[in-house]
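Here's the structure, in structure tokens; my notes come after.
There are 2 protein chains.
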Amino acid sequence: MTDKALAKIFKALGDETRLEIVRMLAGKERCVCAFLSTFSMTQPAISNHLRVLREAGIVQDSRDGRWIFYRLNPDAFAAVATLCQLPLSQPKIERIDPLTEPGACPKQKEESA
Amino acid sequence: MTDKALAKIFKALGDETRLEIVRMLAGKERCVCAFLSTFSMTQPAISNHLRVLREAGIVQDSRDGRWIFYRLNPDAFAAVATLCQLPLSQPKIERIDPLTEPGACPKQKEESA
DNA sequence: ATAACATATTAAAATATATTTATATGTTTT
DNA sequence: AAAACATATAAATATATTTTAATATGTTAT
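Going down the list, the sequences are from chains A and B.
Position 88, counted from 1, in the first sequence is what our numbering calls 108; the numbers after and before it change by one each time, with no gaps.
Position 99, counted from 1, in the second sequence is what our numbering calls 119; the numbers after and before it change by one each time, with no gaps.
Dropping the structure here:
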């Protein structure tokens with residue numbers, strides 16, 4: 021998963037409405053009208069939020085008659101969980117000295133040369 | 021953690037530059053100049069990205085002389101990891117019938133009454 | 001076929017976010 | 001105390017996102 025795709029997932033989840041849609045989809049598959057009756061928002065607004073989630077790969081949809089059902093894609097959450105482990109699995113924090121890091125603090129570096 | 025705070029975390033992580041800043045901070049504490057030399061971006065732009073991360077609770081900072089060091093706050097990632105488990109721990113997906121859900125598909129519901 | 005339904009798409013307006021330029025703040029060195 | 005350094009803040013502009021209103025698409029019922 022590229023950082024671009026991962027950022028897209030985070031951006032999609034960075035909205036309270038979409039976060040609640042995700043919660044509503046935990047273990048459940050729902051049609052669009054379920055969200056329409058939950059949020060005080062126009063139908064195109066809901067449709068747009070679902071599009072953002074879909075294009076980020078967070079939800080998948082399938083039509084059944086006139087309804088379109090949405091469900092979560094666990095792969096997207098697995099990718100996010102992986103990034104979360106990055107900071108959680110680091111036991112101790114090492115302070116990087118600005119003066120010794122390559123390219124860091126350019127003005128200082130030039131003077132110390 | 022409120023959904024509002026969680027959405028703020030996701031929104032903050034939903035940007036490629038900030039995502040890379042987070043990766044650079046895995047197990048490390050770095051001063052702002054480290055990011056200045058990494059990204060081709062003005063100093064205030066970096067400073068703004070750090071502010072977004074700070075206000076979301078993703079990073080913490082402390083001044084040491086003229087430098088300000090940034091490090092990750094594991095609590096924020098723990099909160100995100102918790103939400104990730106929501107879909108990952110659901111074994112099977114149940115389809116919710118639009119007709120039987122309370123308030124769902126209003127027009128249909130009125131007719132079926 | 002026509003009408004009604006469920007949802008998506010488009011275009012426009014409203015709102016939020018990011019970037020830049022200029023300036024301010026706090027710290028260290030001289 | 002003055003100059004230089006590292007970073008933050010403010011104001012202005014540029015860009016992206018969200019919302020709404022109008023319309024289109026695909027499906028089912030009549």
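From the three backbone atoms N, C-alpha and C, an ideal C-beta is built for every residue, glycine too.
Of all the CB atoms in chain B, is at least one closer than 8 Å to the CB of I88(A)? Working through the first sequence from its first residue, we reach residue 88(A) at position 68. So no, I88(A) is outside the interface.
Assuming the contact rule is C-beta atoms closer than 8 Å, L45(A) and R91(A) should be a hit. Round their C-beta distance to whole Å, please. Here the question's residue 45(A) lines up with position 25 in the first sequence. Here the question's residue 91(A) lines up with position 71 in the first sequence. 6 Å between Cβ atoms; contact.
Quick one: is G85(B) buried, meaning 16 or more other Cβ sit within 10 Å of its Cβ, or exposed? Reading the second sequence from its first residue, position 65 is the one you call residue 85(B). So G85(B) ends up on the exposed side.
Let me make sure I understand the geometry here. Which of S82(B), I66(B), C51(B), R74(B) has the alpha-carbon closest to that of D95(B)? Mapped onto the second sequence, residue 95(B) falls at position 75. Comparing C-alpha distances from D95(B) to each of S82(B), I66(B), C51(B), R74(B) shows the shortest one belongs to R74(B).
CB contact flag (M39(B), L39(A), <8 Å): Sequence index remark: in the second sequence, residue 39(B) carries index 19 (1-based). Sequence index remark: in the first sequence, residue 39(A) carries index 19 (1-based). For the sequence presented, residue 39(B) should be read as Leu rather than Met. Contact: no.
Helix, strand or coil for A133(B)? Go by DSSP, reduced to three states. Taking the first residue of the second sequence as 1, we reach residue 133(B) at position 113. Only weak support exists for where A133(B) lies, its pLDDT of 29 falling under 50; the value from the coordinates is given anyway. It is coil, neither helix nor strand.
Does any residue of chain B bring its CB to less than 8 Å from the CB of I66(A)? The residue you call residue 66(A) lines up with position 46 of the first sequence. False, the Cβ-Cβ gap to chain B never drops below 8 Å.
Quick one: is E130(A) near chain B, going by C-beta distance under 8 Å? Indexing the first sequence from 1 puts residue 130(A) at position 110. Low confidence applies to E130(A): its pLDDT is 40, below 50, so where it sits in the model is not reliable, and the reading given next is rough at best. Cβ-Cβ to chain B under 8 Å: no for E130(A).
Who are the near neighbours of K129(B) in its chain, counting only those whose CB is closer than 6 Å to its CB and skipping five residues on each side? Numbered from 1 along the second sequence, position 109 holds the residue referred to as residue 129(B). Low confidence applies here, because K129(B) scores a pLDDT of 41, under 50, leaving its location unreliable; read the following figure in that light. Within the same chain, no Cβ atom closer than 6 Å to the Cβ of K129(B) is found once the five residues on either side in sequence are excluded.
Chain A partners of D81(B), CB-CB under 8 Å? In the second sequence, residue 81(B) corresponds to position 61, counting from 1. Result: empty, since nearest Cβ-Cβ is about 13 Å, beyond 8 Å.
Please list, in chain order, all residues of the same chain as D81(A) whose beta carbon is under 7 Å from its beta carbon, the five residues on each side excluded. Along the first sequence, read from residue 1 onward, the residue named residue 81(A) stands at position 61. Excluding positions up to five away in sequence, the list reads R74, I88, F89, Y90.
Between P111(B) and F97(A), is the Cβ-Cβ spacing less than 8 Å? The sequence position of residue 111(B) within the second sequence is 91, counting from 1. The sequence position of residue 97(A) within the first sequence is 77, counting from 1. Note that the C-beta distance between P111(B) and F97(A) is not below 8 Å.
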